[in-house]
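S.K.:
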Amino acid sequence: MSDLIDDPTPGINAPEFTVTELSGAVKRTIEGEFSHVRVRGEIGRVSRPRSGHIYLDLKDDRAVISGVIWKGVAARLATQPEEGLEVVATGRLTTFPGQSKYQIVIEDIAPAGMGALMAMLEKRKKALEGEGLFAAERKKPLPYLPEVIGVVTSPSGAVIRDILHRLRDRFPRKVLIWPVAVQGQKCAPEVTRAIEGFNRLTPGGALPRPDLLIVARGGGSIEDLWGFNEESVARAAAASDIPLISAVGHETDTTLIDFVSDRRAPTPTAAAELAVPVRMELLAWVDGQSARLTRGITQSTTQRGQRLRDLSRALPKPGVLVEAARQRLDYTSDRLGPSLHAAAQKKRVRMVEVSGSLRPASLNRLTAEAKRRLGDRTSRLQPQLLTRDIERKKNDLGKILARLDRVGNSQVAKWSTDLSALERMRQSLGYEETLKRGYAVVRSGDQVITTKSAAEKATALEIQFQDGSFKIGAKPSKPKSKPTPPPEQGTLL
Amino acid sequence: MTDKPVGEMSFEEAMAELERVVNQLERGDVPLEDSIKLYERGAALKKRCEEKLKEAEEKVAAITLDTDGNPTGTTPVEGL
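Chain order of the listed sequences is A and B. First residue of the first sequence: 1, per UniProt numbering; consecutive thereafter. First residue of the second sequence: 1, per UniProt numbering; consecutive thereafter.
1) Can you list the beta strand (DSSP E) stretches of 3 or more residues lying completely in the UniProt domain "OB-fold nucleic acid binding" (17-109) of chain A, in chain order?
2) When you measure from the CB of ALA291(A) to every non-hydrogen atom of the ligand GDP, does any distance come out below 7 Å?
3) Checking contacts by CB at 8 Å: is GLU12(B) closer than that to chain A?
4) Entirely within the segment 39-65 of chain B and at least 3 residues each: give me those beta strand (DSSP E) ranges in chain order.
5) Is it true that the segment 169-188 of chain A meets the segment 293-309 of chain A, where meeting means three or more beta-carbon pairs spaced less than 8 Å apart?
6) Taking Cβ positions, are ALA89(A) and LEU121(A) nearer each other than 8 Å?
7) Taking the C-alpha atoms as reference points, what is the distance between GLU57(B) and LYS71(A)?
8) Looking at chain A, is there any beta carbon in it that lies within less than 8 Å of the beta carbon of THR67(B)?
9) I'd like the span of the beta strand (DSSP E) that includes THR153(A), first residue to last.
10) LYS46(B) versus chain A: which residues are under 8 Å apart at the beta carbon?
11) For the segment 240-247 of chain A against the segment 128-142 of chain A, do three or more pairs of beta-carbon atoms, one drawn from each stretch, fall closer than 8 Å, so that the two count as touching?
12) Compute the beta-carbon to beta-carbon distance between LEU56(A) and PRO97(A), rounded to the nearest angstrom, for a pair I have assumed lies under 8 Å.
13) I'd like to know whether the C-beta of GLU57(B) is nearer than 8 Å to at least one C-beta of chain A.
14) Taking the beta carbon of SER416(A) as the centre, do at least 16 other beta carbons fall within 10 Å, making it buried, or is it exposed?
15) Have a look at GLN384(A) and LEU374(A) and give me their C-alpha separation to the nearest angstrom.
16) Kindly indicate which three-state DSSP category GLY473(A) falls into: helix, strand or coil?
17) Name, going along the chain, the residues of the segment 131-144 of chain A whose beta-carbon falls closer than 9 Å to a beta-carbon of chain B.
18) Taking only runs of the alpha helix (DSSP H) that begin and end inside the segment 124-180 of chain A, which ones reach a length of at least 4 residues, in chain order?
19) Within 10 Å of its beta-carbon, does THR192(A) have 16 or more other beta-carbons around it, so buried, or fewer, so exposed?
20) Since LYS174(A) meets chain B, which of its residues come closer than 9 Å, beta carbon to beta carbon?
21) GLY28(B) CB to nearest chain A CB: under 8 Å?
22) Verify the CB distance criterion: does GLY305(A) have a CB-CB separation below 8 Å to chain B?
23) To the nearest whole angstrom, what separates the beta carbons of PRO76(B) and ALA61(B), a pair I think is in contact under 8 Å?
24) Quick check on GLY296(A) - is its C-beta less than 8 Å from some C-beta in chain B?
25) Which two residues bound the contiguous alpha helix (DSSP H) that contains ARG27(B)?
26) Roughly how many whole angstroms lie between the Cα atoms of ALA271(A) and VAL22(B)?
27) Among all the DSSP beta bridges, which residues are the ones paired with GLN447(A)?
28) Taking the C-alpha atoms as reference points, what is the distance between VAL19(A) and PRO49(A)?
29) So, with DSSP's three-state summary, where would you put VAL286(A)?
30) Which residues in chain B have a C-beta closer than 8 Å to the C-beta of GLU190(A)? List them in chain order.
31) So for THR75(B), helix, strand or coil by DSSP?
32) State the Cα-Cα distance for the pair ASP258(A) and VAL233(A), rounded to the nearest angstrom.
33) SER477(A): buried (16+ other C-beta within 10 angstroms of its C-beta) or exposed?
34) Using 8 Å as the limit for Cβ to Cβ distance, is GLY7(B) near chain A?
35) How about GLU50(B): is its C-beta nearer than 8 Å to some C-beta of chain A?
36) Closer than 8 Å by beta-carbon distance: list the chain A residues that pair up with GLU19(B), in chain order.
Set out below in structure tokens:
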């Protein structure tokens with residue numbers, strides 16, 4: 001009976017798998033059971049190698065599943081996986097027997113609920129703000145009166161109608177509509193392309209380039225407006241060279257494009273109001289300026305005319321200016337003749353007065369007096385006294401001359417006698433007489449040599465005899481070796 | 001005073017210049033010769049402004065796109 005009881009020894013009856021068989025079985029089971037699953041989780045690490053596939057982790061607080069998004073799928077995903085994003089991923093599980101691994105091949109990925117969407121939006125906003133795309137100094141001023149307005153919106157619907165109505169009321173303009181889907185998958189790429197497309201148009205080309213863009217959409221749920229939260233749309237709006245007004249949703253809805261646009265309008269109608277001024281008001285303004293202009297010029301000329309008249313009244317008549325001068329001239333010239341007469345008369349009277357006392361008799365009297373005084377003086381002159389005095393002085397001079405003659409002669413005779421006595425004495429005392437007796441005088445230059453030692457030192461000697469002197473050769477005091485003259489060189493010629 | 005010929009000015013430029021000219025003329029401290037020139041310039045600017053305001057023509061067209069989403073031309077839009 002005991003045989004009937006199954007022996008609990010393990011491994012006896014169970015089928016035995018190879019590793020490959022088991023892995024294949026697991027693969028079949030997992031891929032069969034989980035061929036289409038939706039899994040909710042937070043995206044962990046994301047890697048994007050050059051192959052274009054995306055590898056990522058899906059996790060919650062206790063588990064992790066590896067995931068892969070193949071290149072073709074990744075390109076058309078509405079939501080690009082970002083680390084930290086809460087998502088619902090749709091796909092299938094596969095195993096990877098070579099490494100005992102399994103993973104989810106993701107075919108679609110969507111943010112999990114409103115919170116996740118808003119968190120993602122917040123993150124994008126921070127990133128773009130960090131790049132400075134929201135900066136006030138980036139905002140371009142809107143043209144005062146745009147010629148062509150480009151509108152990026154749905155070609156049908158209330159939005160474009162509202163915009164066109166309001167434009168018509170204020171200032172009809174040329175409008176180019178770039179039709180786009182304003183919700184759903186195609187919204188973001190189409191809006192992006194529209195903004196870029198308008199910027200690519202060349203001014204004056206076949207399609208006129210707008211000088212103002214309006215990106216508009218009516219109100220809707222946050223999911224409906226989501227296209228305008230996409231980064232590509234925001235970047236295109238930021239990069240637009242054409243000033244851009246965003247008008248997406250109602251006043252309370254704010255999408256990412258509103259932060260980067262140059263102006264945000266709360267509604268499409270408001271966008272039209274921002275876009276153009278009111279034509280009638282401008283016409284009125286121009287009329288007003290015209291009136292001011294006319295008034296200005298009229299006033300200017302009127303005032304000047306008035307001032308001219310005032311001044312001309314104040315101007316005196318030219319006759320008045322010269323009258324006084326003329327009168328003075330008349331008066332003065334009248335006095336000219338008589339005054340000349342009077343002056344001559346006065347001078348004549350004075351002349352008569354002076355010449356009255358001038359008579360020849362008085363002159364005669366003066367000369368007679370002078371003649372008498374002259375005679376008086378002449379009679380007192382006696383020449384005899386002068387000659388007598390000269391005679392006496394001549395006599396004295398003769399006597400003195402005779403005495404001088406006598407004294408002079410005897411003095412000279414005496415000096416002559418003394419001189420010959422002195423000469424005889426000099427001749428007998430002088431050395432020259434001695435020379436005649438056989439003596440000689442020895443000189444060296446100006447020195448008289450009197451000793452033998454002096455004679456030996458002297459370089460040259462001169463000996464004077466009674467009948468003249470002669471020199472004894474200039475013996476060198478210290479004979480030196482004479483430099484031998486160089487041997488004479490034979491001439492070449 | 002800008003050197004730009006009045007005929008090339010945008011509405012906004014012409015407007016600003018007109019206002020400047022009117023203010024200057026109204027101040028009344030410009031010589032007579034200059035005030036006549038100012039008046040003439042003002043009249044030309046006014047004409048320019050009115051021209052630009054007369055160009056108030058509504059023309060609405062939608063851009064047609066090929067299958068790749070590139071613009072190919074326009075088609076008139078009516079009835080909106």
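Cβ coordinates follow ideal geometry from the N, Cα and C atoms, glycine included.
M.R.: By the coordinates alone:
1) 37-47, 54-59, 64-69 and 86-96
2) By its list of ligands, the structure shown contains no ligand whatsoever, and the ligand GDP lies outside what it can speak to.
3) yes
4) 59-65
5) no
6) no
7) 50 Å
8) no
9) 148-153
10) VAL286, GLN289, SER290 and LEU293
11) yes
12) Rounded, the Cβ-Cβ distance is 22 Å, inconsistent with contact.
13) yes
14) exposed
15) 21 Å
16) coil
17) PRO143 and TYR144
18) 158-170
19) buried
20) GLU57, GLU58, LYS59, VAL60 and ALA61
21) yes
22) no
23) 5 Å
24) yes
25) 11-27
26) 32 Å
27) SER444(A)
28) 31 Å
29) helix
30) GLY69
31) strand
32) 11 Å
33) Only weak support is given to the placement of SER477(A): the predicted model assigns it a pLDDT of 49, under 50, and the question is left unresolved by the model.
34) no
35) yes
36) GLN289
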